[in-house]
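Worksheet for the structure shown next.
Numbering (this note's numbering), first residue to last: 3 to 73.
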């Protein structure tokens, strides 16, 4: 499963969208959060702090991401 397929399935199953950041276009974000591996999924708290991070494959379960989206 590609990252694009995963994102489409996540949206279809949960109704939620995940913001996608292209590391080639937003290098400053990646540097600020130490994103060095692709793919990386981050859950950010209300103050912009990283509260959970998943790096590389396999991609996390939808329930794991939904937990942080709905918290």
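Glycine included, each C-beta is placed from N, C-alpha and C at the ideal position.
Which residues mark the beginning and the end of the beta strand (DSSP E) in which residue 52 is found?
Looking at the DSSP string, the run of the beta strand (DSSP E) that includes residue 52 is 52 to 57.
Note down the Cα distance separating residue 30 from residue 24, rounded to an integer number of angstroms.
Residue 30 and residue 24: Cα-Cα distance of roughly 11 Å.
Within its chain, find whatever has a CB closer than 6 Å to the CB of residue 41; leave out the 5 residues flanking it on each side and keep chain order.
Answer for residue 41: 5, listed in chain order.
When the Cα atoms are used, what is the spatial distance from residue 46 to residue 54?
Each residue's alpha carbon lies about 7 Å from the other.
With 16 other CB atoms within 10 Å as the buried threshold, where does residue 37 fall?
That one is buried.
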